[in-house]
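**Student:**
There are 2 protein chains.
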Amino acid sequence: MILIDGKQTNELPADDRGLAYGDGLFETIKITNGRPLLWRRHMRRLLQGCQVLGIEYDDEAQLLQETLQLAEGHEHGIIKIILTRGSGGRGYRPDARCPARRIVSYHALPDYDVGHRQQGIRLFRCATPVSVNSALAGLKTLCRLEQVMAQQEFEESEFAEGLMLDPDGRVIEGTRSNVFAVKDDELLTPTLKSAGIKGIMRDVIIEMAKNDGMTVHERELGHEEFRSANEIFVCNSILGVWPVIEYQNTIYQRGPVTVDIMNKLETRLSEYE
Amino acid sequence: MILIDGKQTNELPADDRGLAYGDGLFETIKITNGRPLLWRRHMRRLLQGCQVLGIEYDDEAQLLQETLQLAEGHEHGIIKIILTRGSGGRGYRPDARCPARRIVSYHALPDYDVGHRQQGIRLFRCATPVSVNSALAGLKTLCRLEQVMAQQEFEESEFAEGLMLDPDGRVIEGTRSNVFAVKDDELLTPTLKSAGIKGIMRDVIIEMAKNDGMTVHERELGHEEFRSANEIFVCNSILGVWPVIEYQNTIYQRGPVTVDIMNKLETRLSEYE
């Protein structure tokens, strides 16, 4: 079921700027026990993104109402919120008066192999690079063609996720996740100042680890440093954490730091709004 | 008027991947005397783009039929063709069986100030960088948010176009045009191997200049080299060529090489299909 500007329909005006130019943002929110998980963080990212892009929208209550309307009767699932700059303007140049458009939809939770979580996954190295653009880095914009390209490089039955690097060979993220490496009991994750999406689960893990006294480095992460880590894991709002047990013929342990983070997330995720 | 998969409608299925991920391409084609200008070149770029992205579509005759249907009765105008990967797939990963979707629409020609052509334009330097991604560079994909951002930086009444650089400060293109510099009677234009859109008019100008015995360099173009050129102009399929007469407080002449190219284009454009 889909709500476009609050109305139940499957039909989007064909002149929407989200289609024409990727002129918009989206959030993918997990529904657990009928409630949207980490709602406040998703909203903070979305509305901050609107400010960066100059899209005038800030009605969090409206989005929550529509989310709950769609989630009603569902124990679990995903709510996807797309927010576009709407219709109008002259070419790339937007019309300041055109109102934003919201497309809110409910989807079933993907039926992920429980082994991904319990045993770990094989990680593919994608050749498609992540786009570098400091003006858009961090935002979950609708311009995601590089992720579409990257996912076509590998079979999901063989690799549960693919790793994407920037043109200079630095590790940035997974095709649909953020990545962490563990080295000497410290947590490393790529800075996303020039490329990548700043994931909600990534933020939660960084915050939780720091609160627990762990050292966390958000910085440039070279490919060799990544490969030689003691532990590697990927994360996002829907799948949580998946340990990596194989990358480029190197075998990793589903190690103690990763397991500790997974366990703590399980019991304490409700503390993080 | 809009044709979606051949049917006259303004309603796009809301699950189209063009909206969700910018997963598609587009062409903006000028209608002159009722005919689509440089049709073959637009089709070549579009269908080559489909091959790169893995979008299965190659029905040029179908697109021509729909273009002529919409252009009928119009002396001049613009036909915009959007080709998306259609609906379906699981997240970023496309479903190989989902057919491409085409959205073909007619628009009036923009009423550009004739002075832009006859006297020249002022060019703004945008702070928004062009995205760097060698896997997508050259293609006219639907992921154009950086151009939307860049055009919001300047007023159209003051500057007819804005210049975009890559993160390393190399000149790449205008927000909706390609750029050329003239130095010592040679033509310079940025290589688009890692960023930018390979424009149809850019190709025509390069080809025409070479045929006329001119030296043309497609290579990295630093900002200082660009600024210190004798002449500068921008071009695209709709506006043709606009000489630049001011950029960052430097005054340029609507010089002889630019004027020669403009004159030749006028009389010989029909030779280039």
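Protein chains in written order, with numbering that gives the first Met the number 0: chain E, 0 to 272; chain W, 0 to 272. All C-beta atoms in this analysis are idealised placements derived from N, C-alpha and C, irrespective of residue type, glycine included.
#1: Measuring alpha carbon to alpha carbon, tell me which of E:Ala60, E:Thr214, E:Asn9 ends up nearest Lys182 (chain E).
#2: Suppose only complete runs of 4+ residues qualify. What are the alpha helix (DSSP H) ranges in the stretch 142 to 219 of chain W, listed by chain order?
#3: Can you tell me which of the three DSSP states Leu122 (chain E) falls into?
#4: Could you check where the beta strand (DSSP E) with Arg72 (chain E) kicks off and where it finishes?
#5: Just the Cα atoms here: how many angstroms apart are Lys197 (chain W) and Leu138 (chain W)?
#6: From the DSSP output, in three-state form, read off Val129 (chain E) for me.
#7: Under 8 Å by Cβ, that's how I've got His115 (chain E) and Trp241 (chain E) pegged, so tell me the actual separation to the nearest angstrom.
#8: Taking beta-carbon pairs under 8 Å, can you tell me which members of the stretch 72 to 95 of chain W lie near chain E?
#9: Looking only at its own chain, which residues have a Cβ that is under 8 Å from the Cβ of Val258 (chain W), when we skip the five neighbours before and after it?
#10: Compute the beta-carbon to beta-carbon distance between Val233 (chain E) and Val178 (chain E), rounded to the nearest angstrom, for a pair I have assumed lies under 8 Å.
#11: Check the Cβ of Pro128 (chain W) against every Cβ in chain E and list those closer than 7 Å, keeping chain order.
#12: Rounded to whole angstroms, what is the Cα-Cα separation between Asn248 (chain E) and Thr140 (chain E)?
#13: For Pro109 (chain W), count the other beta carbons within 10 Å of its own beta carbon; 16 or more makes it buried, fewer makes it exposed. Which is it?
#14: Against Arg175 (chain W), what residues of chain E qualify as contacts under a CB-to-CB distance less than 8 Å, listed in chain order?
#15: How long is the line joining the alpha carbons of Asp184 (chain E) and Val103 (chain E), rounded to whole angstroms?
#16: Does the distance from the CB of Thr174 (chain W) to the CB of Ala194 (chain W) come in under 9 Å?
#17: Pull up the CB-CB distance for Glu145 (chain E) and Leu135 (chain W), whole angstroms please, since I reckon it's below 8 Å.
#18: In the DSSP assignment, what are the bridge partners of Pro12 (chain W)?
#19: Using a beta-carbon distance cut-off of less than 8 Å, what residues from the stretch 137 to 159 of chain E approach chain W?
#20: Tell whether a beta-carbon distance below 9 Å holds between Leu18 (chain E) and Tyr56 (chain E).
#21: Considering only the alpha carbon of each residue, which of E:Leu2, E:Ile1, E:Arg39 lies closest to Ser236 (chain E)?
#22: Start and end of the beta strand (DSSP E) containing Thr31 (chain E)?
#23: Using a Cβ-Cβ cutoff of less than 6 Å, which residues in the same chain neighbour Ile231 (chain W) once the five nearest sequence positions on both sides are dropped?
#24: Consider the Cβ of Arg16 (chain W): report whether some Cβ of chain E lies at a distance smaller than 9 Å.
#25: Measuring alpha carbon to alpha carbon, tell me which residue in E:Ile77, E:Ile78, E:Lys79, E:Arg96 is nearest Pro86 (chain E).
#26: Please go through the same chain and pick out, in chain order, the residues whose beta-carbon is closer than 6 Å to the beta-carbon of Val256 (chain E), but skip the five residues on each side of it.
#27: Report yes or no: do three or more beta-carbon pairs, one from the stretch 117 to 132 of chain E and one from the stretch 61 to 70 of chain E, lie closer than 8 Å?
#28: Does Ile3 (chain W) have its Cβ less than 9 Å from a Cβ in chain E?
#29: Starting from Glu245 (chain W), follow its DSSP beta bridges and name the residues at the other end.
#30: Tell me whether the beta-carbon of Arg124 (chain W) lies closer than 9 Å to the beta-carbon of Glu245 (chain W).
#31: Leaving aside the five residues before and after Glu59 (chain E) along the sequence, list all residues of the same chain whose C-beta is less than 6 Å from its C-beta, in chain order.
#32: Measure the Cβ-Cβ separation of Ile3 (chain E) and Arg84 (chain E) and say whether it is below 9 Å.
#33: What's the gap between the Cα of Gly90 (chain E) and the Cα of Lys209 (chain E)?
#34: What does DSSP give as the partner residues of Arg226 (chain E) in its beta bridges?
#35: Can you check whether the C-beta of Pro189 (chain W) is within less than 9 Å of a C-beta belonging to chain E?
#36: For Pro12 (chain E), return the contacting residues in chain W, with the cut-off set at a CB-CB distance below 9 Å.
**Tutor:** So, to answer that:
#1: E:Thr214
#2: 144 to 150, 199 to 210
#3: strand
#4: Correcting the residue type first, residue 72 (chain E) is Gly in the shown sequence and not Arg. Looking at the DSSP string, Gly72 (chain E) is not in any beta strand (DSSP E), and its letter there is neither H nor E.
#5: 7 Å
#6: coil
#7: 5 Å
#8: Ile81, Thr83, Arg84, Arg89, Gly90, Tyr91, Arg92, Pro93
#9: Pro242
#10: 5 Å
#11: Asn132, Ser133, Ala134
#12: 33 Å
#13: exposed
#14: Gly90, Tyr91
#15: 41 Å
#16: no
#17: 7 Å
#18: E:Glu10
#19: Thr140, Leu141, Cys142, Arg143, Leu144, Glu145, Gln146, Val147, Met148, Ala149, Gln150, Gln151, Glu155
#20: no
#21: E:Arg39
#22: 23 to 31
#23: Ala180, Val243, Tyr251
#24: yes
#25: The amino acid occupying residue 86 (chain E) in the given sequence is Ser; Pro does not appear at that position. Residue E:Arg96 is the option with its Cα nearest to Ser86 (chain E).
#26: Val181, Glu230
#27: no
#28: yes
#29: W:Arg121, W:Ile250
#30: no
#31: Met42
#32: no
#33: 46 Å
#34: For Arg226 (chain E), which the question treats as bridged, DSSP gives no partner whatsoever.
#35: no
#36: Asn9, Glu10, Leu11
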